[in-house]
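What follows is a single structure, written as structure tokens, with notes after it.
2 protein chains.
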Amino acid sequence: MDIQDFFAQSCGRWFSQRTSHHLAFKQTETGQSQLTIELVAVTDPAVIALCEQYECDPALASCGARVSWDGTMAWDEEKHQGSTVLVTIPDAAGATTGKLLREVGYAEKTPVAGKYVMGEDGALTLITEYETMYSEERLWFASPNLRLRTSILKRFGGFSMATFCSEIRLGVTKPPEQTATAVASK
Amino acid sequence: MDIQDFFAQSCGRWFSQRTSHHLAFKQTETGQSQLTIELVAVTDPAVIALCEQYECDPALASCGARVSWDGTMAWDEEKHQGSTVLVTIPDAAGATTGKLLREVGYAEKTPVAGKYVMGEDGALTLITEYETMYSEERLWFASPNLRLRTSILKRFGGFSMATFCSEIRLGVTKPPEQTATAVASK
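In order, the protein sequences belong to chains F and C. Mind the numbering: the first sequence is residues 1 to 186 in the working numbering, read in order. Mind the numbering: the second sequence is residues 1001 to 1186 in the working numbering, read in order.
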């Protein structure tokens, strides 16, 4: 699976169950949200504008997507809504690593370019370094309809939070599909 | 990191925060436990007995460990205590894959041999197939003092549960150690 396949398979509507383990406090916070992921053509004005903001050549962009979310976290009970555009810029033609541009940073509200690594095991790793913060996120598909994510967040050099999301594709009439290794198929 | 390194680094006492996402019910269950992991010599009577139970040659065992836990899950509020012995039998000398023998199955109480794969990225994957159940677990170290685990469980061919554990080493006086990539070291 390459980065284009990963983006294509991520498209659609997802129900996301999210759990954050606050490591210093030994406490758990849960939340739920709906995610909508749509592909955006690399020639789209939103992609070009984002590339220009990061001083990247838009002709090098390999993938574009718009991610929208609508959810709640237990502690503040506020609605969390928003959307962002993501663009990938491979390090070289055919490279499995590159830059990830986002309109809004994952943990801070200032634009920041991350790094991505598309692993041989089909997992996508995203690394974002902020001035006082470091986040590493791993996303992978357990099946076409079940996507999992973990992330760890460091602040000032110490681990502060570990987060897990399980994301079930919405709009499929049966439960998340089994993979080729499912026991029922044996 | 090979399987021996992974076992050695796992030794000690850990505070484990556990979250299970019940996928069909879209519900979350949390729990906490203390884990104690000790190495057991491959010549130990417990290792030899386990190998014989699985009809494996004890001389092929590469690692042994005893894992004890003491915790609670929110839904039943009962104490969950127990311990198990684990033994690894590589597929060949120096192989990164092999069999994992356990006294007590992870999800069922009958002995069952699993498969392990020690990945190049330092993550250990454990796969256990039961008659009506399939579990795949991934364990990795974010740092020497922070171990993360995810698992997915299928019943009758459909995904039923996704679980995440963050495990902080106990008995260290400072927060979980930063890795080489920590921002503070830059």
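Just so it is clear, CB atoms sit at the ideal spot from N, CA and C, and this is done for glycine as well.
### Message
Give the list of continuous alpha helix (DSSP H) stretches no shorter than 4 residues that lie fully inside the region 1044-1109 of chain C.
### Response
Within the region 1044-1109 of chain C, the complete alpha helix (DSSP H) runs of at least 4 residues are 1045-1053.
### Task
With DSSP as the reference, label Ala1162 (chain C) as helix, strand or coil.
The residue you call residue 1162 (chain C) lines up with position 162 of the second sequence. Three-state DSSP puts Ala1162 (chain C) in a strand.
### Query
By the criterion of Cβ-Cβ separation under 8 Å, what are the contact partners of Thr1030 (chain C) in chain F?
Numbered from 1 along the second sequence, position 30 holds the residue referred to as residue 1030 (chain C). Going along chain F in sequence order, the residues near Thr1030 (chain C) (Cβ under 8 Å) are Thr19, Thr28, Thr30.
### Message
Checking the sheet assignment: what are the DSSP bridge partners for Val1117 (chain C)?
### Response
One-based indexing of the second sequence puts residue 1117 (chain C) at position 117. According to DSSP, which records beta bridges pairwise, Val1117 (chain C) is partnered with C:Thr1097, C:Thr1125.
### Task
Spatial neighbours of Met1073 (chain C) within its chain, please: CB distance less than 7 Å, with the 5 preceding and 5 following residues excluded, ordered by chain position.
Start at 1 with the first residue of the second sequence, and residue 1073 (chain C) comes out as number 73. Correct list, in chain order: Glu1029, Gly1031, His1080.
### Task
Might you give, ordered along the chain, the residues of its own chain that have their beta carbon closer than 8 Å to the beta carbon of Val1042 (chain C), omitting 5 neighbours on each side?
As a first step, residue 1042 (chain C) is located in the second sequence; it is residue number 42 there, counting from the start. The answer, listed in chain order, is Pro1058, Ala1061, Ser1062, Cys1063, Gly1064, Val1087.
### Query
Where does Gln1237 (chain C) land, buried or exposed, given buried means 16+ other C-beta within 10 angstroms?
Not covered by the structure: residue 1237 (chain C). The range shown for chain C is 1001 to 1186.
### Query
Going along chain F, which residues have a C-beta under 9 Å from Ile1048 (chain C)?
Residue mapping note: residue 1048 (chain C) aligns to position 48 of the second sequence, counting from 1. Within 9 Å Cβ-Cβ: nothing; Ile1048 (chain C) doesn't reach chain F, min ~31 Å.
### Query
Applying a beta-carbon distance threshold of less than 7 Å, which residues of chain C neighbour Ile152 (chain F)?
Locating residue 152 (chain F) in the first sequence gives position 152, where the first residue counts as 1. For Ile152 (chain F), the chain C residues whose Cβ falls inside 7 Å of its Cβ are Ala1142, in order along the chain.
### Message
On the DSSP letters alone, give me the boundaries of the alpha helix (DSSP H) that Phe7 (chain F) sits inside.
### Response
Here residue 7 (chain F) refers to the residue found at position 7 when the first sequence is read from its first residue. Run containing Phe7 (chain F): 3-10, per the alpha helix (DSSP H) assignment.
### Task
To the nearest angstrom, report how far apart Leu153 (chain F) and Tyr130 (chain F) are at their CA atoms.
Residue 153 (chain F) sits at position 153 when you count from the first residue of the first sequence. Residue 130 (chain F) sits at position 130 when you count from the first residue of the first sequence. Their backbone Cα atoms lie some 11 Å apart in a straight line.
### Message
Please report the distance separating the alpha-carbon of Leu1170 (chain C) from that of Phe156 (chain F).
### Response
Reading the second sequence from its first residue, position 170 is the one you call residue 1170 (chain C). Reading the first sequence from its first residue, position 156 is the one you call residue 156 (chain F). Phe156 (chain F) has its alpha-carbon roughly 21 Å from the corresponding atom of Leu1170 (chain C).
### Query
So which of F:Gln34, F:Tyr134, F:Ser151, F:Met133 has the shortest CA-CA distance to Trp124 (chain F)?
By 1-based counting over the first sequence, the position of residue 124 (chain F) is 124. Per the sequence shown, residue 124 (chain F) should be read as Leu rather than Trp. Measuring from the Cα of Leu124 (chain F), the nearest candidate turns out to be F:Ser151.
### Task
Determine the closest residue to His22 (chain F) out of C:Phe1015, C:Ala1113, C:Cys1056, with distance taken between C-alpha atoms.
Along the first sequence, one-based indexing puts residue 22 (chain F) at 22. Per the C-alpha coordinates, the member of C:Phe1015, C:Ala1113, C:Cys1056 positioned closest to His22 (chain F) is C:Phe1015.
### Query
Are Leu126 (chain F) and Tyr116 (chain F) close, meaning C-beta to C-beta below 8 Å?
One-based indexing of the first sequence puts residue 126 (chain F) at position 126. One-based indexing of the first sequence puts residue 116 (chain F) at position 116. Against a cut-off of 8 Å, the Cβ pair of Tyr116 (chain F) and Leu126 (chain F) comes out as a contact.
### Task
Name the two residues that bound the continuous beta strand (DSSP E) containing Ala142 (chain F).
Working through the first sequence from its first residue, we reach residue 142 (chain F) at position 142. Here the beta strand (DSSP E) through Ala142 (chain F) covers 133-143.
### Query
Do we get a CB-CB distance below 8 Å when we pair Phe159 (chain F) with the residues of chain B?
Chain labels in this structure do not include chain B; the protein chains are F and C.
#### Entry: Closest residue to Arg1149 (chain C) among C:Gly1158, C:Ser1160, C:Phe1159, C:Glu1137 (Cα-Cα distance)
Reading the second sequence from its first residue, position 149 is the one you call residue 1149 (chain C). Looking at the Cα atoms, C:Glu1137 is the closest of the given residues.
### Query
Which value, in whole angstroms, describes the spacing of the CA atoms of Asn145 (chain F) and Asp70 (chain F)?
Position 145 of the first sequence, counted from the start, is the residue given in the question as residue 145 (chain F). Position 70 of the first sequence, counted from the start, is the residue given in the question as residue 70 (chain F). The alpha-carbon atoms of Asn145 (chain F) and Asp70 (chain F) are separated by roughly 19 Å.
### Query
Based on Cα-Cα distance, which residue from F:Asp91, F:Ala8, F:Ala93, F:Ala95 lies nearest to Leu39 (chain F)?
Taking the first sequence and counting its residues from 1, one reaches residue 39 (chain F) at position 39. Minimum Cα distance to Leu39 (chain F) is reached at F:Ala8.
### Query
Phe1159 (chain C) to Thr1128 (chain C), Cα distance in whole Å?
Indexing the second sequence from 1 puts residue 1159 (chain C) at position 159. Indexing the second sequence from 1 puts residue 1128 (chain C) at position 128. When rounded, the distance between both Cα atoms is 14 Å.
### Task
Compare the C-beta of Ser166 (chain F) against all C-beta atoms of chain C and say whether one is closer than 8 Å.
As a first step, residue 166 (chain F) is located in the first sequence; it is residue number 166 there, counting from the start. The beta carbon of Ser166 (chain F) sits closer than 8 Å to some beta carbon of chain C.
### Query
In whole angstroms, what is the alpha-carbon distance linking Ile37 (chain F) and Phe25 (chain F)?
Stepping through the first sequence from its first residue, residue 37 (chain F) is reached at position 37. Stepping through the first sequence from its first residue, residue 25 (chain F) is reached at position 25. Taking the straight line from one Cα to the other gives about 33 Å.
### Query
Which stretch, first to last residue, makes up the beta strand (DSSP E) that contains Leu1146 (chain C)?
For the purposes of this step, residue 1146 (chain C) is taken as the residue at position 146 of the second sequence. Counting along the chain, the beta strand (DSSP E) containing Leu1146 (chain C) begins and ends at 1146-1155.
### Message
List, in chain order, every chain F residue whose beta-carbon is nearer than 7 Å to that of Ala1162 (chain C).
### Response
To locate residue 1162 (chain C), count along the second sequence from 1; it is residue 162. Chain F residues near Ala1162 (chain C): Leu148, Ser166.
### Query
Who are Leu39 (chain F)'s beta bridge partners in DSSP?
For this step, residue 39 (chain F) is matched to residue 39 along the first sequence. Leu39 (chain F) is bridged to F:Ala65.
### Message
Measuring straight from C-alpha to C-alpha, what distance separates Ser166 (chain F) and Lys1099 (chain C)?
### Response
Translated into positions along the first sequence, residue 166 (chain F) becomes position 166. Translated into positions along the second sequence, residue 1099 (chain C) becomes position 99. Taking the straight line from one Cα to the other gives about 28 Å.
#### Entry: DSSP-derived helix/strand/coil call for Gly171 (chain F)
For the purposes of this step, residue 171 (chain F) is taken as the residue at position 171 of the first sequence. DSSP places Gly171 (chain F) in coil when its eight states are reduced to three.
#### Entry: chain C contact residues for Phe15 (chain F), given Cβ-Cβ distances below 7 Å
Indexing the first sequence from 1 puts residue 15 (chain F) at position 15. The contacting residues are Lys1026.
### Task
Counting only the same chain and skipping the five closest in sequence on each side, list residues whose C-beta sits under 8 Å from that of Gly12 (chain F).
As a working note, residue 12 (chain F) is residue 12 in the first sequence. Thr36, Ile37, Arg169, Leu170, Gly171.
### One or two residues paired with Phe253 (chain F) in a DSSP bridge
Only positions 1 to 186 of chain F appear in the structure, and residue 253 (chain F) is not among them; the question remains open.
### Query
How big is the Cα-Cα spacing for Pro1045 (chain C) and Arg66 (chain F)?
Looking up residue 1045 (chain C) in the second sequence gives position 45. Looking up residue 66 (chain F) in the first sequence gives position 66. About 58 Å.
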